[in-house]
Amino acid sequence: MKIVVDENIPMAELCFGSLGEVVKLPGRNLEPEQVKDADALIVRSITPVSESLLAGSAVRFVGTATIGVDHVDQSYLARQQIGFASAPGCNARSVVEYVISALLELEVIRDFQLEGKSIGIIGVGNVGSRLQAQCEALGLRVLACDPPRQAQGAAGLVSPDEAWQADIVTLHVPYTLEGKYSTHHLADIHRLRSMVPNGVLINTARGPVVDNMALSKVLDERYDLSVVLDVWEGEPFVNIELASQVDIATPHIAGYSYDGKVRGTWMIYQALCRHLDQAVSLQETDLIDAQLDLLLDVQSEQAQTPSTARELLTRIYDIREDDIGLRTSLRLPREKRALGFDALRKSYRVRREFGTVRLRGEAFLQSALPAVEFNRLRALGLQLEP
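Residue 1 is where the sequence shown starts when you use our numbering, and the numbers rise one by one after that.
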């Protein structure tokens with residue numbers, strides 16, 4: 001059995017090697033010739049999977065180690081009786097932590113306090129629902145919005161008009177081009193212009209969910225708005241003017257925690273085992289490299305005593321590094337910028353999720369930090385130790 005796997009999917013050999021021959025290839029420009037004799041294809045969101053790639057191939061199973069599935073023509077797969085699986089929720093924690101990190105950074109950049117602000121979460125699936133719980137724990141007033149779920153009778157949801165009037169609006173919807181609930185340019189010029197004074201917009205969903213040209217125009221008019229973009233229309237090409245206007249610009253890495261990527265691989269491994277009617281012999285914990293476990297001892301002589309939760313969290317994940325990385329790549333010659341965007345993702349550093357990190361010195365931190373800052377650490381799920 002031949003299994004073609006995107007070269008940037010971690011632990012591929014360990015997971016899929018027991019099921020067949022693993023061939024790792026770049027996912028951005030995968031060609032039909034490269035998959036024609038493959039039995040299974042494992043991709044990420046950068047690989048469009050449709051008839052043009054698979055026609056005449058031996059592929060009987062497609063897996064995408066991602067939450068989103070807009071890059072896969074599932075109707076074609078169904079017609080051809082090709083098995084399919086995605087990894088819903090695999091990197092949801094990672095995206096939530098990216099959003100929280102961005103908000104903590106904006107507190108400094110824009111000099112405001114998060115507690116008490118309203119946040120409109122548009123899309124309350126795997127990511128949005130987790131973010132809702134996290135924001136409520138941090139003292140924000142959540143306005144959850146999900147029209148498809150509301151139409152099915154889900155309670156506790158507000159209308160899009162209400163959500164867009166929140167102090168912060170963050171987008172967590174799938175990308176759909178057609179239909180009643182199309183999300184193409186969900187954030188259009190009218191929505192963007194109607195944002196409240198000093199409003200915040202965050203997009204970690206898909207680039208075309210926000211009309212990038214309209215956003216650039218609105219930012220020329222509204223210097224009070226704060227914007228965080230992790231996804232861009234036309235990736236891997238990035239609108240340089242727009243990048244220069246936003247507060248935080250990153251190269252589609254919100255969901256790129258080490259734990260989330262490994263979890264995605266494991267979920268597709270499970271799905272392929274089911275497809276092949278084979279027993280699952282590996283657990284998610286078998287794939288985590290113990291040498292990458294992170295212990296922060298805040299009482300050690302080398303450690304600088306933090307005064308805020310943000311200062312401590314940047315030792316785990318510093319969103320500024322990703323912002324600097326993208327802005328640096330955009331200074332490359334035009335013909336090299338797309339390669340630079342992909343290189344940032346391919347060579348992305350190991351980033352652990354907050355809940356995996358052990359933080360030693362709980363009593364010390366409780367006495368050193370203001371109560372609101374210590375409570376933030378608790379709310380974010382770090383493993384506090386004596």
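Glycine included, each C-beta is placed from N, C-alpha and C at the ideal position.
Note that this is a predicted model, so its numbers are computed, not measured.
CB of residue i within 7 Å of CB of residue j, strictly
{"i": "residue 41", "j": "residue 72", "result": "no"}
{"i": "residue 400", "j": "residue 122", "result": "In the structure as shown, the chain starts at 1 and stops at 386, and residue 400 therefore has no counterpart that could be examined."}
{"i": "residue 295", "j": "residue 352", "result": "no"}
{"i": "residue 208", "j": "residue 342", "result": "no"}
{"i": "residue 114", "j": "residue 240", "result": "no"}
{"i": "residue 171", "j": "residue 203", "result": "yes"}
{"i": "residue 349", "j": "residue 383", "result": "no"}
{"i": "residue 323", "j": "residue 253", "result": "no"}
{"i": "residue 167", "j": "residue 101", "result": "no"}
{"i": "residue 60", "j": "residue 82", "result": "yes"}
{"i": "residue 265", "j": "residue 10", "result": "yes"}
{"i": "residue 96", "j": "residue 130", "result": "yes"}
{"i": "residue 255", "j": "residue 45", "result": "no"}
{"i": "residue 84", "j": "residue 62", "result": "yes"}
{"i": "residue 1", "j": "residue 39", "result": "yes"}
{"i": "residue 25", "j": "residue 51", "result": "no"}
{"i": "residue 250", "j": "residue 326", "result": "yes"}
{"i": "residue 233", "j": "residue 212", "result": "yes"}
{"i": "residue 328", "j": "residue 368", "result": "no"}
{"i": "residue 291", "j": "residue 364", "result": "no"}
{"i": "residue 13", "j": "residue 22", "result": "yes"}
Per DSSP, the bridge partner or partners of residue i
{"i": "residue 385", "result": "360"}
{"i": "residue 120", "result": "143 and 169"}
{"i": "residue 8", "result": "Answer is none; residue 8 lacks a bridge partner."}
{"i": "residue 131", "result": "In DSSP, residue 131 forms no bridge with anything."}
{"i": "residue 3", "result": "22 and 40"}
{"i": "residue 100", "result": "The partner list for residue 100 (beta bridge, DSSP) is empty, contrary to what the question assumes."}
{"i": "residue 203", "result": "171 and 229"}
{"i": "residue 187", "result": "210"}
Same chain, Cβ closer than 7 Å to residue i, neighbours up to 5 away in sequence not counted
{"i": "residue 435", "result": "Residue 435 falls outside the range modelled here, since the chain spans only 1 to 386, and no answer is possible."}
{"i": "residue 366", "result": "374"}
{"i": "residue 191", "result": "164"}
{"i": "residue 297", "result": "303, 360 and 361"}
{"i": "residue 99", "result": "131, 170, 202 and 204"}
{"i": "residue 206", "result": "68, 70, 175 and 231"}
{"i": "residue 275", "result": "61 and 83"}
{"i": "residue 76", "result": "50 and 51"}
Among the options, the one whose alpha carbon lies nearest that of residue i
{"i": "residue 395", "options": "288, 241, 45 and 55", "result": "The structure shown does not extend to residue 395, since the chain is modelled only from 1 to 386, so the question has no answer here."}
{"i": "residue 18", "options": "359, 339, 348 and 270", "result": "270"}
{"i": "residue 220", "options": "196, 246, 201 and 229", "result": "246"}
{"i": "residue 279", "options": "321, 127, 6 and 16", "result": "16"}
{"i": "residue 217", "options": "30, 189 and 53", "result": "189"}
{"i": "residue 33", "options": "58, 12 and 249", "result": "58"}
{"i": "residue 161", "options": "177, 173, 178 and 143", "result": "143"}
{"i": "residue 147", "options": "173, 133 and 319", "result": "173"}
{"i": "residue 311", "options": "223, 105 and 53", "result": "105"}
{"i": "residue 28", "options": "49, 290 and 277", "result": "49"}
{"i": "residue 149", "options": "282, 76 and 181", "result": "181"}
{"i": "residue 187", "options": "214, 154, 179 and 178", "result": "214"}
{"i": "residue 238", "options": "371, 338 and 210", "result": "338"}
{"i": "residue 307", "options": "134, 386, 370 and 152", "result": "370"}
{"i": "residue 136", "options": "332, 316 and 378", "result": "378"}
{"i": "residue 228", "options": "75, 103, 318 and 152", "result": "103"}
Same chain, Cβ closer than 6 Å to residue i, five either side skipped, listed in chain order
{"i": "residue 381", "result": "354 and 355"}
{"i": "residue 126", "result": "88, 89 and 92"}
{"i": "residue 86", "result": "64 and 69"}
{"i": "residue 30", "result": "47"}
{"i": "residue 273", "result": "280"}
{"i": "residue 267", "result": "87 and 90"}
{"i": "residue 184", "result": "177 and 208"}
{"i": "residue 128", "result": "121 and 172"}
Nonlocal neighbours in the same chain, by C-beta distance under 8 Å from residue i, ignoring five residues either side
{"i": "residue 116", "result": "139, 140 and 141"}
{"i": "residue 262", "result": "10, 11, 284, 287 and 288"}
{"i": "residue 35", "result": "4, 41, 53, 54, 57 and 59"}
{"i": "residue 145", "result": "120, 121, 122, 123, 124, 157, 158, 159, 160, 162 and 163"}
Query raised in the report: What are the start and end residues of each continuous alpha helix (DSSP H) run of 4 or more residues lying completely inside the stretch 273-323, in chain order?
Result: 284-287 and 309-313
Query raised in the report: Residue ranges of each alpha helix (DSSP H) run of no fewer than 4 residues wholly in the stretch 26-97, ordered along the chain?
Result: 32-35, 51-54 and 74-79
Report task. Taking only runs that begin and end inside the stretch 211-281, name each unbroken alpha helix (DSSP H) of 4 or more residues, in chain order. Result -> 212-221, 240-245 and 258-276
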